[in-house]
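S.K.: Here the protein sequences come in this chain order: A and D. Just so we're aligned, residue 2 is where the first sequence starts under the numbering used here, counting upward by one. Just so we're aligned, residue 2 is where the second sequence starts under the numbering used here, counting upward by one. Here it is, the structure, as structure tokens.
There are 2 protein chains.
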Amino acid sequence: MTFKTSSLAARETGARPTARDVAALAGVSVGTVSRVVNGAATVNAQVRDRVTSAIATLGWRPSIVAQNMRGRATRMIGFIFPDLDNPLFSSMIKGAEDVLTRAGYMLIVGSSNGQSEREMALIDLFGQRQADGLIFTIEQESHPAVQKCMAQARFPIVMLERDGTPAATVSAGADHFQGTLQATRHLIELGHRRIALVSGGRDNRVGRARLAGFRQAHEQAGIAVDDTLVQIDSGTAGNDWGLRKTQWLLAQADAPTAVMALGRHLLKGVLVACKRQNIRIPQDLSVVTSNDSDLAELAEPAISVIRYSTYDLGRAAAELLLDQLAAADPASAPSRTEIPTEFVLRASCAAPPVHARAGAPDRLATNTSPR
Amino acid sequence: MTFKTSSLAARETGARPTARDVAALAGVSVGTVSRVVNGAATVNAQVRDRVTSAIATLGWRPSIVAQNMRGRATRMIGFIFPDLDNPLFSSMIKGAEDVLTRAGYMLIVGSSNGQSEREMALIDLFGQRQADGLIFTIEQESHPAVQKCMAQARFPIVMLERDGTPAATVSAGADHFQGTLQATRHLIELGHRRIALVSGGRDNRVGRARLAGFRQAHEQAGIAVDDTLVQIDSGTAGNDWGLRKTQWLLAQADAPTAVMALGRHLLKGVLVACKRQNIRIPQDLSVVTSNDSDLAELAEPAISVIRYSTYDLGRAAAELLLDQLAAADPASAPSRTEIPTEFVLRASCAAPPVHARAGAPDRLATNTSPR
DNA sequence: TTGTAAGCGTTATCAT
DNA sequence: ATGATAACGCTTACAA
């Protein structure tokens with residue numbers, strides 16, 4: 002007969018108490034302790050009280066790790082985002098958290114930094130940790146190795162702001178197509194014929210949807226799209242990408258009369274570029290951005306935005322995940338939640354300057370700024 | 002003799018393979034599998050190869066849950082923040098993640114929504130999940146029940162942007178005292194005598210440090226502080242708190258000539274209030290805010306800010322936690338990392354209007370706005 | 001060098 | 001109604 006750790010020992014050392022300690026203190030067996038905490042009907046009231054007070058005395062809480070060993074779900078959801086240092090992430094994670102907390106889940110977060118290697122490492126790690134599901138904003142949708150990794154995952158995956166793939170068919174995203182379509186249409190109706198589109202997302206749904214909306218608006222108006230005005234970047238460009246792109250666009254011989262800088266971090270660059278070159282919004286250049294912000298609202302003039310709720314996006318992703326978790330059938334059907342977008346017209350949009358419409362060579366020549 | 006799950010079964014069903022499956026496939030014992038994956042020196046090269054390929058065939062990864070059961074650290078760090086839907090959270094979590102990932106840890110996040118009950122529930126949950134540590138931005142530093150809960154936690158806690166408490170003596174925070182001191186001094190030097198301080202944090206270090214810096218600057222200049230100009234809020238006020246407070250301050254008979262709105266979310270309210278009442282910055286009112294942002298930088302005029310890196314704050318908290326985790330002595334000494342602040346002077350600060358200095362009753366009377 | 005078996009903290013099955 | 005015990009997947013001391 003071996004000497005076992007007793008509740009006495011547990012109380013003396015700082016060691017975490019176990020059900021065995023509780024059982025010893027209450028003078029019952031571990032099975033009974035388990036029955037009490039799990040609310041089994043078949044427990045004598047007196048025994049229940051003894052156990053309950055022993056639990057309180059020792060401050061015992063069942064080990065979730067041990068419960069997981071027994072096959073219980075970990076109730077942990079992974080969340081992989083290209084860049085946690087992004088205000089959009091804040092509201093998305095909050096939306097997801099609000100939904101998942103209510104259902105008893107917790108979120109584990111990881112930043113991929115846009116690297117596929119890291120995405121795969123994180124998926125693998127979540128697997129080892131037995132996560133129950135994953136909300137994933139993949140960097141490159143078409144990356145085969147990452148897709149393979151997703152396909153092998155033993156948990157459901159919801160794509161956030163990305164398209165479903167063969168490996169993960171459930172997705173939540175904003176309706177960038179409609180938003181961009183409306184905004185582009187509005188600019189065209191104002192008389193713009195040379196509209197620039199600046200956006201991230203070469204290899205993901207967001208960029209594709211924006212481009213599609215942009216093209217459709219042009220097509221419906223019978224206007225050809227000048228591809229030099231379409232600047233869709235791949236990957237996480239530097240912080241001053243918006244600035245450099247705008248400067249480049251404005252330096253073209255036949256510069257755009259309107260720029261749609263779609264992505265919250267791009268607006269700053271556009272405004273700085275305009276300020277430096279003394280370009281007036283909207284007289285010289287109309288501006289549209291996406292993701293409403295204090296800056297867009299309070300800039301002088303206020304900037305028109307394609308607005309949508311990233312909080313709702315996070316909620317939607319979480320809800321889709323819960324649906325899949327609840328579904329008895331593991332191979333659930335493809336599904337998608339689309340969050341509506343709204344074009345908010347502000348003072349930054351006006352008719353193009355007359356000389357541009359008349360085909361004047363270069364507005365900047367007329368309006369040289371002192372650097 | 003019972004029939005055991007074999008590698009065959011594991012490959013046929015979708016069940017996660019175990020070390021036993023690997024062992025069976027490789028024709029070795031589970032102990033050997035463990036030795037191989039843990040890089041034990043004493044393994045025959047041929048055996049190692051057989052095991053390695055069996056692992057690859059089955060796609061086996063050791064279960065972290067089972068490893069935890071054996072006493073291995075979970076390498077999970079909790080992170081409790083009052084409001085995940087806050088851009089500051091993004092950069093803090095990113096800073097922490099960068100440090101912790103390198104050390105093999107993952108982050109579990111939870112939003113307390115400013116509720117002490119939820120804070121305690123989360124701490125408790127992290128305990129049950131056997132988290133190795135916690136980074137915590139408590140809502141009310143002095144809350145006794147939460148402190149007790151912290152004291153009972155079996156893992157080290159680092160306070161983020163909060164003071165150490167008896168229950169958790171390690172903390173990381175920005176040097177709000179210096180930042181506020183400098184900014185206030187500058188306003189005083191410009192001639193301001195009635196400066197308003199608007200900030201959150203009635204019961205935390207941030208608010209206290211700001212108030213202390215504010216007071217010290219006044220004291221050193223021999224100026225009395227008018228307490229009606231000091232508006233330090235408790236808890237997470239509504240989104241329009243900055244607006245309402247500014248409107249209230251400007252409506253006072255002896256309105257301030259400068260306002261320090263310390264908190265990123267407050268600037269918008271100040272700017273809106275000024276716009277609505279046709280108050281010019283800085284001619285009528287000087288403005289200082291905290292936390293640099295695109296809005297502060299690009300507002301017209303640009304707004305002076307007390308700047309500091311929330312990313313560094315997250316890093317610092319994580320590094321302190323790693324220090325504690327590495328320390329053999331569990332009862333480590335109190336320690337604190339202070340992140341420097343910097344007062345960035347922009348166009349929003351100027352000398353107070355003449356009539357205010359002459360003691361004119363109400364600037365608004367001279368400058369009535371249409372609405 | 002490799003196999004065997006105990007044990008981590010639960011839960012569930014089977015006796016009593 | 002309650003106790004004893006096997007099992008979850010892994011690591012490790014000990015045996016061979």
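Just so you know, even glycine gets a beta-carbon here, dropped at the ideal spot from N, CA and C. The structure presented is a predicted model; accordingly, all values stated were derived computationally and were not measured.
Which residue's Cα is closest to the Cα of C350(D): R316(D), I340(D), R281(D)?
M.R.: Residue 350(D) sits at position 349 when you count from the first residue of the second sequence. Per the Cα distances, R281(D).
S.K.: Can you check which of these residues, G111(A), R71(A), R308(A), T342(A), is closest to R265(A) by C-alpha distance?
M.R.: Along the first sequence, one-based indexing puts residue 265(A) at 264. Cα-wise, what sits closest to R265(A) is R308(A).
S.K.: Answer yes or no: do E120(D) and D204(D) have a C-beta to C-beta separation smaller than 7 Å?
M.R.: One-based indexing of the second sequence puts residue 120(D) at position 119. One-based indexing of the second sequence puts residue 204(D) at position 203. Contact: no.
S.K.: Provide the residue(s) that pair with Q232(D) in DSSP beta bridges, ordered along the chain.
M.R.: Within the second sequence, residue 232(D) is the residue found at index 231, counting from 1. BP columns for Q232(D) point to V199(D).
S.K.: For S310(D), collect the residues of the same chain with a Cβ closer than 7 Å to its Cβ; drop the 5 residues on either side in sequence, then sort them by chain order.
M.R.: If you number the second sequence from 1, residue 310(D) lands on position 309. Closer than 7 Å at Cβ, skipping near neighbours: I340.
S.K.: Among G15(D), P63(D), G96(D), which one has its Cα closest to the Cα of A319(D)?
M.R.: Translated into the one-based positions of the second sequence, residue 319(D) becomes position 318. Closest by alpha carbon: G96(D).
S.K.: Just the chain D side, please: which residues come within less than 7 Å of Q1(A) by C-beta, in chain order?
M.R.: Because chain A in this structure spans residues 2 to 372, residue 1(A) falls outside the shown range and cannot be described.
S.K.: Between which two residues does the alpha helix (DSSP H) carrying A274(A) extend?
M.R.: Looking up residue 274(A) in the first sequence gives position 273. 267-277 is the extent of the alpha helix (DSSP H) around A274(A).
S.K.: Short of 8 Å Cβ to Cβ, which residues in the stretch 308-319 of chain A face chain D?
M.R.: If the cut-off is 8 Å between Cβ atoms, the stretch 308-319 of chain A has Y312 near chain D.
S.K.: Taking 7 Å as the CB-CB cut-off, is K95(D) touching chain A?
M.R.: Here residue 95(D) corresponds to residue number 94 of the second sequence, with the count starting at 1. Yes, K95(D) counts as interfacial toward chain A.
S.K.: Under the rule that 16 or more other beta-carbon atoms within 10 Å means buried, what is Q325(D), buried or exposed?
M.R.: Position 324 of the second sequence, counted from the start, is the residue given in the question as residue 325(D). Q325(D) should be labelled buried.
S.K.: Candidates L263(D), D228(D), K269(D): which alpha carbon is nearest A256(D)'s?
M.R.: Position 255 of the second sequence, counting from 1, holds the residue named residue 256(D). Comparing Cα-Cα distances from A256(D) to each of L263(D), D228(D), K269(D), the minimum goes to D228(D).
S.K.: Going by DSSP, what residues sit across from V44(A) in a beta bridge?
M.R.: Numbered from 1 along the first sequence, position 43 holds the residue referred to as residue 44(A). BP columns for V44(A) are empty, so no partner.
S.K.: If you reduce the DSSP assignment to three classes, tell me which class I78(D) lands in.
M.R.: Locating residue 78(D) in the second sequence gives position 77, counting from the first residue. Strand at I78(D).
S.K.: For S460(A), which of helix, strand or coil comes out of DSSP?
M.R.: For residue 460(A) there is no data in the structure shown, the boundaries of chain A being 2 and 372.
S.K.: Sorted by chain position, which residues of the same chain lie with C-beta nearer than 6 Å to R211(D)'s C-beta, five sequence neighbours on each side aside?
M.R.: Working through the second sequence from its first residue, we reach residue 211(D) at position 210. Cβ within range, chain order: H177, T181, S200, L263.
S.K.: Along the chain, where does the beta strand (DSSP E) containing T338(A) start, and where does it finish?
M.R.: Numbered from 1 along the first sequence, position 337 holds the residue referred to as residue 338(A). Here the beta strand (DSSP E) through T338(A) covers 336-340.
S.K.: Starting from R130(D), find everything on chain A with Cβ-Cβ shorter than 7 Å and list it in chain order.
M.R.: Along the second sequence, one-based indexing puts residue 130(D) at 129. Going along chain A in sequence order, the residues near R130(D) (Cβ under 7 Å) are I65.
S.K.: With DSSP collapsed to three states, give me the class of E220(D).
M.R.: Here residue 220(D) refers to the residue found at position 219 of the second sequence. Reduced to three states, the DSSP call for E220(D) is helix.
S.K.: Note down, in chain order, each residue of its chain lying with its Cβ closer than 6 Å to the Cβ of V1(D), except the 5 sequence neighbours on either side.
M.R.: There is simply no residue 1(D) to check, as chain D begins at 2 and stops at 372 in what is shown.
S.K.: I'd like to check one pair, P353(A) with T374(A): are the Cβ atoms closer than 7 Å?
M.R.: Because residue 374(A) is not part of the residues shown, which for chain A are 2 to 372, the question remains open.
S.K.: To the nearest angstrom, how far is it from the Cα of A218(A) to the Cα of Q284(D)?
M.R.: The residue given as residue 218(A) occupies position 217 in the first sequence. The residue given as residue 284(D) occupies position 283 in the second sequence. Distance between the alpha carbons of A218(A) and Q284(D) is about 46 Å.
S.K.: Below 8 Å on C-beta distance, what does N69(A) contact in chain D?
M.R.: If you number the first sequence from 1, residue 69(A) lands on position 68. Simply V66.
S.K.: So E298(D) is in the alpha helix (DSSP H); what residue range does that whole segment cover?
M.R.: Position 297 of the second sequence, counted from the first residue, corresponds to residue 298(D). Run containing E298(D): 295-299, per the alpha helix (DSSP H) assignment.
S.K.: Any Cβ of chain D within less than 7 Å of the Cβ of D295(A)?
M.R.: Here the question's residue 295(A) lines up with position 294 in the first sequence. Output row for D295(A): interface = yes.
S.K.: Have a look at S287(A) and S305(A) and give me their C-alpha separation to the nearest angstrom.
M.R.: For this step, residue 287(A) is matched to residue 286 along the first sequence. For this step, residue 305(A) is matched to residue 304 along the first sequence. Rounded to whole angstroms, S287(A) to S305(A) spans 9 Å at the Cα level.
S.K.: I'd like the span of the alpha helix (DSSP H) that includes I136(A), first residue to last.
M.R.: Residue numbering aside, residue 136(A) sits at position 135 when the first sequence is read from its first letter. Careful: I136(A) lies outside any alpha helix (DSSP H), inside the beta strand (DSSP E) at 134-137.
S.K.: Using a beta-carbon distance below 7 Å, is M121(A) in contact with chain D?
M.R.: For the purposes of this step, residue 121(A) is taken as the residue at position 120 of the first sequence. So no, M121(A) is outside the interface.
S.K.: With a threshold of 7 Å between beta carbons, is M107(D) in contact with chain A?
M.R.: Sequence index remark: in the second sequence, residue 107(D) carries index 106 (1-based). So, interface residue.
S.K.: Does the pairing of the stretch 106-121 of chain D with the stretch 40-51 of chain A give three or more beta-carbon distances under 8 Å?
M.R.: As far as the Cβ criterion goes, the stretch 106-121 of chain D does not touch the stretch 40-51 of chain A, which means the pair count is below three.
S.K.: Taking all protein chains shown into account, do 16 or more other C-beta atoms lie within 10 angstroms of the C-beta of R73(A), making it buried, or fewer, making it exposed?
M.R.: Here residue 73(A) refers to the residue found at position 72 of the first sequence. Label assigned to R73(A): exposed.
S.K.: Please list, in chain order, all residues of the same chain as V207(A) whose beta carbon is under 6 Å from its beta carbon, the five residues on each side excluded.
M.R.: Translated into the one-based positions of the first sequence, residue 207(A) becomes position 206. So the list reads E162, H177, once near-sequence residues are dropped.
S.K.: Under 7 Å Cβ to Cβ from V260(D), same chain only, skipping five residues before and after it: list those, please.
M.R.: Position 259 of the second sequence, counted from the start, is the residue given in the question as residue 260(D). Closer than 7 Å at the Cβ level, and outside the excluded window around V260(D), lie A197, V199, T247, L250, V271, L286, V288.
S.K.: Under DSSP, the beta strand (DSSP E) around L126(A) begins and ends at which residues?
M.R.: In the first sequence, counting from the first residue as 1, residue 126(A) sits at position 125. No beta strand (DSSP E) holds L126(A); the alpha helix (DSSP H) holding it covers 117-129.
S.K.: Can you check whether the C-beta of D86(D) is within less than 7 Å of a C-beta belonging to chain A?
M.R.: As a first step, residue 86(D) is located in the second sequence; it is residue number 85 there, counting from the start. For D86(D), the answer is yes, since a Cβ of chain A falls inside 7 Å of its Cβ.
S.K.: Between the stretch 147-160 of chain A and the stretch 188-195 of chain A, can you find at least three pairs of beta-carbon atoms closer than 8 Å?
M.R.: Verdict: no, contact absent.
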